[in-house]
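Contents: one structure, followed by commentary.
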Amino acid sequence: MLDGGVCSAANWSEVAQKVRGAGADWAISRALLLSYELSVEPVTEADAEDAARLWAIGSRLSLADRLCLALTDRLAATAVTADAAWRDLPNVRMIR
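Start counting the sequence shown at 2; every next residue gets the next number (my numbering).
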């Protein structure tokens, strides 16, 4: 699933934070993730505006979630997640 995958720089930061927060070695985790040919895409001005458009009062989508969805839109791709808050969104593949 990761081969050739794409990650928003905002989500990459979240991954690094979670790895470090769990006490794991970020350098090893980073190398492992990049070995799957995962690319990290910058957040563009258009992504930021699209993420703002996706915001709604009471939404369970974080800014990082919305930036991921904006990148998915920009690349005409499918987002892969286990987050139930995404279940009814277009272009989303649930993994559980």
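C-beta: ideal position from N, C-alpha, C; glycine also. From a predicted model like this one, the values you see are computed outputs, not experimental measurements.
#### Entry: Delimiting residues of the beta strand (DSSP E) encompassing residue 40
By one-based count along the sequence shown, residue 40 stands at place 39. 40–42 is the span of the beta strand (DSSP E), which, as asked, contains residue 40.
#### Entry: Anticipated Cβ contact below 8 Å, residue 73 with residue 79, distance rounded
Your numbering for residue 73 matches position 72 in the sequence shown. Your numbering for residue 79 matches position 78 in the sequence shown. Confirmed, about 7 Å.
### Task
Assuming residue 70 and residue 55 form a contact by the criterion Cβ under 8 Å, report the distance between their Cβ atoms to the nearest whole angstrom.
In the sequence shown, residue 70 corresponds to position 69, counting from 1. In the sequence shown, residue 55 corresponds to position 54, counting from 1. About 6 Å; that satisfies the 8 Å criterion.
### Message
Residues in the same chain with beta-carbon distance under 7 Å from residue 51, minus the five sequence neighbours each way, listed in chain order, please.
### Response
Within the sequence shown, numbered from 1, the residue matching residue 51 stands at position 50. Excluding sequence neighbours, residue 51 sits near 71, 74.
### Query
For residue 42 versus residue 10, is the C-beta spacing smaller than 8 Å?
In the sequence shown, the residue the question calls residue 42 occupies position 41. In the sequence shown, the residue the question calls residue 10 occupies position 9. Contact: yes.
### Message
Rounded to the nearest angstrom, what separates residue 37 and residue 58 at their Cα positions?
### Response
Locating residue 37 in the sequence shown gives position 36, counting from the first residue. Locating residue 58 in the sequence shown gives position 57, counting from the first residue. Distance between the alpha carbons of residue 37 and residue 58 is about 37 Å.
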